[in-house]
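Below is one structure, written out as structure tokens, with a few remarks after it.
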Ligand code: PEP
Ligand code: MN
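In the numbering used here, the protein residues as written are 140 to 393.
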């Protein structure tokens, strides 16, 4: 069986509601790392709603420590759905186990599979079977080939709606949180049939670098970016240090 991912045939366009990845114009995804309340989500999205295509927000959070906030789970999904309806924007949210795929798919427009789960093959297969568009983050130390073959697990289930997301890889240098592998992202775009976006927030972890990396990603002809925005980053339950305020976001994309 040959990999579908590398077919030279037409590039795949991935539709999420009326938003299309792979059609030329970069897609802007933004929102908080984690959903905390409807008020928090509204305050984060309202000022930027005209500049974004898709809302992001985690309801199931994969955390390094089991004692850190794990997400509002189904309540978080309901909050995302409410905001999505209020702003008429689709939303992407992470699913961390195969068992949760049906629940998350009931609410979400797009399923995010996170870096820590990139090679969770049961999860990839379940996401493939769900038929929902999938945003597949690159693993923290994954080679490009491992990332591509993780995507192949989803495609193998008959679900071609996969968007690859380069979110930074771990290196010897800890000055930035991760190293955003823009060349790797462009390689993915050139050598697979899938749309490719970047995550400059996790990819750098440094606010002053996010704007330049958004521009670099767009200049490379990639298919979009996903950016963390929080109305009150100082009090965010996760990733506050790398989260833009809505005002900072608007400045950064100008
Ligand atoms: C996130 O998007 O908040 C997240 C946890 O991303 P990653 O899996 O890339 O670390
Ligand atoms: Mn985050």
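Even glycine gets a Cβ: it sits at the ideal position worked out from N, Cα and C.
Only buried fits residue 271, as 16 or more other CB atoms lie within 10 angstroms of its CB. Residue 305 sits in a strand when the DSSP states are folded into three classes.
The closest CA to that of residue 206, considering only 377, 389 and 382, is found on 377.
The C-alpha of residue 172 lies about 9 Å from the C-alpha of residue 200.
When beta bridges are read from the DSSP output, residue 160 appears opposite 153. In the structure shown, residue 173 adopts extended strand secondary structure according to DSSP, grouped into three states.
A Cβ closer than 5 Å to some heavy atom of the ligand MN marks a residue here, and those residues are 172 and 378.
Listed in chain order, the alpha helix (DSSP H) runs fully inside the segment 167-254 are 177-184, 213-226 and 240-246, counting runs of at least 4 residues. If you ignore the 5 residues before and after residue 258, its C-beta comes within less than 8 Å of the C-beta of 278, 281, 285 and 289, all in its own chain and listed in chain order.
For residue 325, the enclosing alpha helix (DSSP H) covers residues 321-330. Distance from residue 385 to residue 375 at the Cβ level is roughly 13 Å; contact not present, criterion being Cβ atoms closer than 8 Å.
Residue 315 is positioned such that its CB atom lies closer than 7 Å to that of residue 344.
In this structure residue 144 is buried. Its beta-carbon is surrounded by 16 or more other beta-carbon atoms within 10 angstroms. The three-state secondary structure of residue 392, taken from DSSP, is coil. Residue 368 is positioned such that its CB atom lies no closer than 7 Å to that of residue 336. For residue 209, same chain residues with a beta-carbon under 8 Å away, outside a window of 5 residues either side, are 199, 200 and 202 in chain order. DSSP places residue 365 inside the beta strand (DSSP E), whose first and last residues are 363-367. In this structure, residue 169 has its CB at a distance of at least 6 Å from all heavy atoms of the ligand PEP.
For residue 341, the distance from the CB to the nearest heavy atom of the ligand PEP is below 6 Å. For residue 244, the closest of 232, 195 and 253 by C-alpha to C-alpha distance is 232.
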